[in-house]
Amino acid sequence: MADQILDKARDIAEGQIDFEGQRFAEFLATALLSLFGVIAFVAGHIKQDIKLALVTGLLGTAFTMALVVPPWPFFNRHPIKWLPVGGVAKDSQGITVDGQVVG
Amino acid sequence: MHSSLVRLQNVFGFFTTVAFVVAALIAASDLAAPRTPKSNIQVKDVSVLKGRPHYYSNKIEEYAQIRFSLSADLSSLFTWNTKQVFVYVSASWPNSTSVALSNEAVIWDMIITNPSADHLTNLGPSAMKKLKRSAKGKPIDPSRGKLELKNQKPKYSISAPGGKLALTNDVVLKVHYNVQPWVGVLTWTPQVEFLGWKKMRGGVSKVFSLPAVKAKKQPVKKD
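Here the protein sequences line up with chains Z and P, keeping their order. Letter by letter, the first sequence follows residues 2 to 104 in the numbering used here. Letter by letter, the second sequence follows residues 556 to 778 in the numbering used here.
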């Protein structure tokens with residue numbers, strides 16, 4: 002019982018996501034931070050307001066962090082399909098080696 | 556990017572890069588903003604006195620008080636990246652031992668803040684309120700760069716290390732400024748023109764001489 006709770010707590014703290022999710026998270030972080038940097042500079046320059054640039058940049062970063070850091074469900078839509086234990090597949094996943102279906 | 560902690564480190568790490576690049580762009584945007592300051596300074600009343608120029612001086616020496624009128628337009632110095640502009644007036648006169656060097660001393664100065672830096676000024680609550688209200692809703696206020704001083708009393712009197720100052724010839728007053736940006740380098744009155752940054756138009760007074768020491772009124776002795 003205590004082990005299960007601890008496992009759950011560790012999962013939440015670690016916040017693991019799948020490989021496709023990792024690729025997407027990397028892209029989101031790079032694209033959003035760059036975008037907010039550009040918006041901050043352009044908005045500040047047009048409005049001639051340095052505080053506006055600062056606030057835009059910081060809020061944009063906070064938004065990016067909120068979107069990228071937690072393990073949102075859309076980062077976990079491509080779970081890894083492991084081969085079955087013992088090598089016997091109940092339903093084939095279409096993995097072929099040398100022309101033979103192995104899993 | 557597999558765990559929350561790694562993602563946090565990645566996002567923060569790239570944020571510092573973006574912040575640095577944006578700051579560099581802001582600093583570079585100064586170069587695109589032309590600076591065309593102009594000023595006109597006139598010497599009004601000059602007097603040389605003998606005594607202790609200020610409270611902490613322990614030497615009796617000659618010191619000069621120079622009143623002046625200044626009309627300046629520094630409004631082009633106020634852009635979004637300007638924190639404050641420091642304006643100062645100096646008196647300079649030839650050095651008796653060197654042709655290449657001249658003596659120079661500041662007689663008056665002033666800090667003009669951009670509205671974005673109003674909260675940093677060292678003012679009392681009511682003066683601060685007044686300053687903030689003067690630029691309410693405006694991120695920059697170039698009109699603060701327009702100065703009109705009539706017969707201004709100097710903030711600082713000038714004295715020379717030798718203690719002798721009376722009858723000095725070829726003295727001129729010069730107007731200088733110093734732009735302090737939010738991000739970027741500190742810039743002084745340019746000595747060469749660079750892109751849109753022009754030299755100050757005017758800003759030098761006519762040559763004048765310091766008068767002889769003014770006789771102090773003798774206190775009337777009471778018997």
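Virtual Cβ for every residue (Gly too), placed ideally from N, Cα, C.
- request: May I ask you to list the residues that DSSP assigns as paired with residue 757 (chain P)?
  value: P:594
task: Specify, as a first and last residue, the run of the alpha helix (DSSP H) that residue 569 (chain P) falls within.
output: 559-587
message: Below 8 Å on the Cβ atoms is my contact criterion, and I expect residue 625 (chain P) with residue 702 (chain P) to pass it. Report the Cβ-Cβ distance as a whole number of Å.
response: 6 Å
task: Residues of the stretch 626-642 of chain P with a CB closer than 8 Å to any CB of chain Z: list them in chain order, please.
output: 634, 635 and 636
- prompt: Mind listing which residues of the stretch 675-707 of chain P have their C-beta closer than 8 Å to chain Z's C-betas, in chain order?
  reply: 694 and 695
message: Across the stretch 591-609 of chain P and the stretch 761-772 of chain P, are there enough close Cβ pairs to call them in contact, namely three or more that are closer than 8 Å?
response: yes
field: Integer Cβ distance of residue 662 (chain P) from residue 640 (chain P), believed to fall under 8 Å
entry: Going by Cβ atoms, the distance from residue 662 (chain P) to residue 640 (chain P) rounds to 18 Å, so no, they are not a contact pair.
query: In terms of alpha-carbon separation, which member of P:596, P:588 and P:613 lies closest to residue 630 (chain P)?
result: P:588
field: Per-residue DSSP class, three states only, for residue 630 (chain P)
entry: helix
query: Anyone know if the C-beta pair for residue 726 (chain P) and residue 651 (chain P) falls short of 9 Å?
result: no
message: Here's the rule I'm using: 16 or more other beta-carbon atoms within 10 Å means buried, otherwise exposed. How should residue 42 (chain Z) be labelled?
response: buried
- prompt: Cα-Cα, which of P:613, P:644 and P:608 is closest to residue 728 (chain P)?
  reply: P:644
Chain-ordered neighbours of residue 48 (chain Z) on chain P, where CB pairs are closer than 9 Å: 635 and 694
query: Using the beta-carbon count (16 or more within 10 Å), is residue 63 (chain Z) buried or exposed?
result: exposed
message: For the stretch 15-40 of chain Z, list every residue whose C-beta sits within 7 Å of some C-beta in chain P, in sequence order.
response: 15, 16, 17, 18, 23, 26, 27, 30, 31, 34, 35 and 38
task: Output the distance between the C-alpha atoms of residue 71 (chain Z) and residue 40 (chain Z), rounded to the nearest integer angstrom.
output: 24 Å
- prompt: Interface residues of chain Z around residue 577 (chain P) at Cβ under 8 Å?
  reply: 38, 41, 42, 54 and 58
task: Would you list the residues sitting across from residue 649 (chain P) in a DSSP beta bridge?
output: P:657
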